[in-house]
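K.L.:
The structure under discussion is supplied below as structure tokens; questions concerning it will follow.
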Amino acid sequence: CLAHMPVGEYKARHHLTTPPLKDHTMHDIETLINHFLGVSWGPVMPPGEAFQNIEATKGANGYYLVSDGSTMSYRTRIRTPSFPHLQMIPLISRGFMIPDLIATLGSIDFVMADVDR
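According to our numbering, the stretch in the sequence shown is residues 64 to 180, in order.
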């Protein structure tokens with residue numbers, strides 16, 4: 064992999080998305096200011112909304128953001144798979160005995176902190 068890697072910088076130079084290189088921060092005040100603003104306030108998100116679905120170890124996570132153009136999202140919603148998995152228990156366990164429920168809950172592998180939201 065290293066043999067086929069192109070020569071040159073490995074980091075993007077966009078001041079809103081990536082922090083500057085350390086050498087540049089020590090020599091240029093503009094770079095230092097951009098670095099400080101980027102770290103303390105975060106990047107400016109364009110107005111609008113976005114949804115991204117990511118496959119995780121326990122299922123699909125969904126991230127929904129609404130931005131008004133500031134440095135923080137206006138609305139953030141994170142959907143984890145634990146609550147939908149628990150909603151399936153009545154369907155899965157129909158006709159089971161109570162001791163079977165313990166094995167069913169163990170096989171679902173849910174996170175109670177996700178369900179609580």
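Cβ coordinates follow ideal geometry from the N, Cα and C atoms, glycine included.
Given the structure is predicted, the values throughout are model-derived calculations rather than measurements.
Hey, could you find the ends of the alpha helix (DSSP H) V70 is sitting in?
P.N.:
Neither: V70 is in no alpha helix (DSSP H) and is coded neither H nor E.
K.L.:
Considering just the uninterrupted stretch of the beta strand (DSSP E) at A113, what are its terminal residues?
P.N.:
Residues G111 to E118.
K.L.:
Quick one: any contact between the stretch 69-83 and the stretch 97-104, if contact means 3 or more CB pairs under 8 Å?
P.N.:
Short answer: they touch.
K.L.:
Under 8 Å, with one C-beta from each stretch per pair, do the stretch 129-139 and the stretch 154-166 reach the 3-pair mark?
P.N.:
Short answer: they don't touch.
K.L.:
Which full runs of the alpha helix (DSSP H) of 4+ residues lie inside the stretch 111-173, going along the chain?
P.N.:
The qualifying runs are 145-150, 152-155 and 161-171.
K.L.:
DSSP three-state label for M108, please.
P.N.:
DSSP places M108 in coil when its eight states are reduced to three.
K.L.:
According to the Cβ coordinates, are G122 and P144 closer than 7 Å?
P.N.:
Contact flag set, yes.
K.L.:
With C-beta atoms as the reference, is T134 less than 7 Å away from G105?
P.N.:
Yes, Cβ-Cβ distance for T134 and G105 is below 7 Å.
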